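Here's the structure we're looking at; comments come further down.
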Amino acid sequence: MYRTLFLFCIALFSCSHKNEQQTEQQPAAQTQKELSWSEKTYLIQKKFNNVYTAGWEGANGAIGDAYLFRTTQDSSILKKYLNEFDLTKMFNGTWVDDRAWIALAELYWWEFSGKTNQRWVEDAKQRYLDARGEGRLSAHEGFWSWYNYPSHWRVNEAIITNSNMNQMVTVACKLFDATGSNVFLNDALLVWNGDGKTPGIEKTFYRGNGIWQGKGGLAAFGKQLPWESASYLSVLAALYHSTHQEKFKTMAVASVQHILNPKNGWVDSTDFYQIHMDGNGAFVHFLLDAYEIAPQELSDVPAKIEKMLTHVWTNHHGQAFVTLHREYDHAIRNGWNPNGGEDGYGVDEIGTVHAQSQALRAFGVFSYFDISRKDAKKLN
Numbered sequence: 000m001y002r003t004l005f006l007f008c009i010a011l012f013s014c015s016h017k018n019e020q021q022t023e024q025q026p027a028a029q030t031q032k033e034l035s036w037s038e039k040t041y042l043i044q045k046k047f048n049n050v051y052t053a054g055w056e057g058a059n060g061a062i063g064d065a066y067l068f069r070t071t072q073d074s075s076i077l078k079k080y081l082n083e084f085d086l087t088k089m090f091n092g093t094w095v096d097d098r099a100w101i102a103l104a105e106l107y108w109w110e111f112s113g114k115t116n117q118r119w120v121e122d123a124k125q126r127y128l129d130a131r132g133e134g135r136l137s138a139h140e141g142f143w144s145w146y147n148y149p150s151h152w153r154v155n156e157a158i159i160t161n162s163n164m165n166q167m168v169t170v171a172c173k174l175f176d177a178t179g180s181n182v183f184l185n186d187a188l189l190v191w192n193g194d195g196k197t198p199g200i201e202k203t204f205y206r207g208n209g210i211w212q213g214k215g216g217l218a219a220f221g222k223q224l225p226w227e228s229a230s231y232l233s234v235l236a237a238l239y240h241s242t243h244q245e246k247f248k249t250m251a252v253a254s255v256q257h258i259l260n261p262k263n264g265w266v267d268s269t270d271f272y273q274i275h276m277d278g279n280g281a282f283v284h285f286l287l288d289a290y291e292i293a294p295q296e297l298s299d300v301p302a303k304i305e306k307m308l309t310h311v312w313t314n315h316h317g318q319a320f321v322t323l324h325r326e327y328d329h330a331i332r333n334g335w336n337p338n339g340g341e342d343g344y345g346v347d348e349i350g351t352v353h354a355q356s357q358a359l360r361a362f363g364v365f366s367y368f369d370i371s372r373k374d375a376k377k378l379n
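Numbering follows numbering that gives the first Met the number 0, in which position 4 of the sequence shown is assigned residue number 3; successive positions increment by one, without gaps.
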């Protein structure tokens with residue numbers, strides 16, 4: 000009888016111990032709820048708010064926030080840019096693209112908040128007209144373009160015209176859409192097409208089949224077409240919106256397909272991050288501007304960008320040699336190559352206003368298109 004009782008107690012203890020083990024192991028087996036892209040953007044935004052400055056870097060973050068507002072309709076974000084981070088009080092900086100980013104932030108916020116705050120349109124318009132009045136829209140190098148500085152200024156700086164400067168064409172198109180004034184559209188078309196005697200951007204740099212070619216050099220100081228000319232995608236999308244000319248869409252589609260083809264050496268073949276360059280928030284936005292005007296032709300773009308951003312958020316799936324995402328404060332590195340060594344401006348910065356604004360722009364813009372993509376699938 001004692002032996003039977005002893006065996007019964009051992010069995011009872013074993014069963015109880017097994018249940019305890021299962022209870023202890025169960026939480027570890029459960030996967031943590033995956034954050035949405037909007038939730039990730041809010042975490043990046045918190046760090047951006049702490050490092051914000053009222054210049055072109057802050058404007059890039061403001062663009063990301065505009066898209067986050069477009070996605071969530073969170074009125075607290077809108078109030079921030081009406082008050083604490085008043086867009087009209089941003090300083091222009093020296094390069095002409097500095098004020099282009101600011102004007103674009105104002106025009107995105109005007110559009111996404113209901114097209115009611117005309118103060119943003121008027122301020123963007125004045126920034127544009129001031130730059131034009133200074134002679135920065137010119138053909139003095141043999142082609143029509145926006146230039147960092149007017150030809151009569153004597154500036155000892157090794158910077159030449161590049162595609163960033165022509166974000167002022169995007170501004171011009173958006174001002175045309177906002178005001179109806181043909182002055183802005185005429186400027187945009189002049190820069191792109193030339194005047195019949197002097198070429199514009201297309202004939203100067205475009206080689207067909209999505210291939211662009213400009214002068215080489217370091218990305219921030221001399222290279223005419225950084226981001227493999229991706230910034231012209233936003234220009235093409237803006238021109239398409241304003242004119243409805245199919246050639247702009249055709250060029251944008253071909254350019255995206257060239258840039259995102261890993262065989263051309265610009266992006267990683269698995270995670271599609273830029274191998275060589277900084278400024279990834281703008282890069283993501285350029286690609287999605289093209290996707291917005293050609294969603295059927297570029298249907299693979301959101302999935303590739305999702306892989307890119309997942310690569311950043313997970314520190315290249317835990318294998319990165321440099322920190323891409325500092326998890327304790329959600330600071331993001333300006334360059335996204337997991338091995339480092341990129342070309343550009345402030346590539347190694349993590350969580351500074353420059354780096355964090357680019358991250359907020361990338362994640363904010365993508366959060367909108369991710370929701371739009373999922374909604375479209377539901378309708379189909």
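Idealized CB from N, CA, C, for every residue including glycine. Since we're looking at a predicted model, the values are computed, not measured.
Sub-8 Å separation of residue i and residue j beta-carbons
i	j	result
Ser-450	Ser-37	The structure shown does not extend to residue 450, since the chain is modelled only from 0 through 379, so no value can be given for it.
Leu-103	Gln-166	yes
Ile-331	Ala-358	yes
Asn-333	Val-346	yes
Ser-268	Ser-228	no
Ile-304	Leu-286	yes
Lys-88	Ala-53	yes
Val-170	Tyr-205	no
Phe-271	Lys-306	yes
Glu-105	Leu-86	yes
Residue of the options minimising C-alpha distance to residue i
i	options	result
Gly-207	Phe-247, Phe-142 and Ser-268	Phe-247
His-329	Gly-343, Glu-341, Tyr-344 and Val-311	Val-311
Gly-340	Ala-65, Ile-274 and Val-170	Ile-274
Leu-235	Tyr-148, Val-168 and Ala-130	Val-168
Gly-134	Lys-124, Val-95 and Phe-175	Val-95
Thr-93	Val-154, Leu-136, Lys-46 and Gly-113	Val-154
Tyr-327	Gly-215, Leu-189, Ser-35 and Leu-42	Leu-42
Asn-48	Gln-125, Gly-350 and Asp-288	Gly-350
Pro-294	Thr-309, Leu-308 and Phe-368	Phe-368
Gln-256	Leu-217, Asp-299, Lys-114 and Ile-200	Asp-299
Nearest-angstrom Cβ-Cβ length linking residue i and residue j, presumed shorter than 8 Å
i	j	result
Ala-65	Trp-108	5 Å
Asp-194	Trp-145	Actually they do not touch by this definition, with Cβ atoms about 15 Å apart.
Leu-232	Ala-251	5 Å
Val-388	Glu-56	Since the first and last residues shown for the chain are 0 and 379, residue 388 lies out of range.
Cys-172	His-240	7 Å
Leu-174	Phe-183	4 Å
Ser-74	Asn-163	Actually they do not touch by this definition, with Cβ atoms about 32 Å apart.
Separation of residue j from residue i, as counted between CA atoms
i	j	result
Gly-363	Gly-63	4 Å
Val-50	Ile-258	32 Å
Pro-261	Asn-147	32 Å
Arg-131	Arg-360	27 Å
Gln-318	Lys-39	20 Å
Gly-83	Thr-71	Note that residue 83 corresponds to Glu in the displayed sequence, not to Gly. Approximately 20 Å, taken between the alpha carbons.
Lys-373	Glu-156	47 Å
Met-276	Trp-335	8 Å
Ile-292	Gln-355	27 Å
Ala-123	Asn-161	21 Å
Phe-111	Phe-68	8 Å
Gly-209	Val-120	33 Å
Lys-411	Ala-281	Residue 411 falls outside the range modelled here, since the chain spans only 0 to 379, and no answer is possible.
Phe-12	Asn-314	Residue placement at Phe-12 is poorly supported in this model, since its pLDDT is 44, which falls under 50; the coordinates still yield a value, given next. Taking the straight line from one Cα to the other gives about 44 Å.
Thr-382	Leu-238	Outside the modelled stretch of the chain, which goes from 0 to 379, sits residue 382, for which no answer is possible.
Lys-46	Asn-185	40 Å
Ser-137	Glu-33	50 Å
Thr-197	Gly-141	7 Å
Gly-215	Tyr-344	16 Å
Gly-278	His-151	30 Å
Trp-265	Asn-192	27 Å
Asn-116	Gln-212	40 Å
Arg-325	Ser-35	18 Å
Phe-220	Asp-342	10 Å
Thr-203	His-139	14 Å
Val-321	Ser-180	48 Å
Asp-129	Ala-58	18 Å
Phe-90	Asp-97	9 Å
Leu-297	Leu-77	31 Å
Ala-218	Glu-201	21 Å
Leu-308	Thr-249	27 Å
Gly-199	Gly-113	34 Å
Tyr-290	Glu-245	14 Å
Gln-125	Arg-118	11 Å
Residue i beta carbon near the ligand COA (any heavy atom closer than 7 Å)
i	result
Leu-359	What this structure holds is no ligand at all, so the ligand COA is not there to describe.
Identified DSSP bridge partners for residue i
i	result
Tyr-205	Trp-211
Arg-332	Ile-349
Met-276	Asp-342
Ser-144	Ser-137
Val-438	Beyond the ends of the chain as shown, which are 0 and 379, falls residue 438; an answer cannot be given.
Leu-217	Gly-221
His-324	Ile-331
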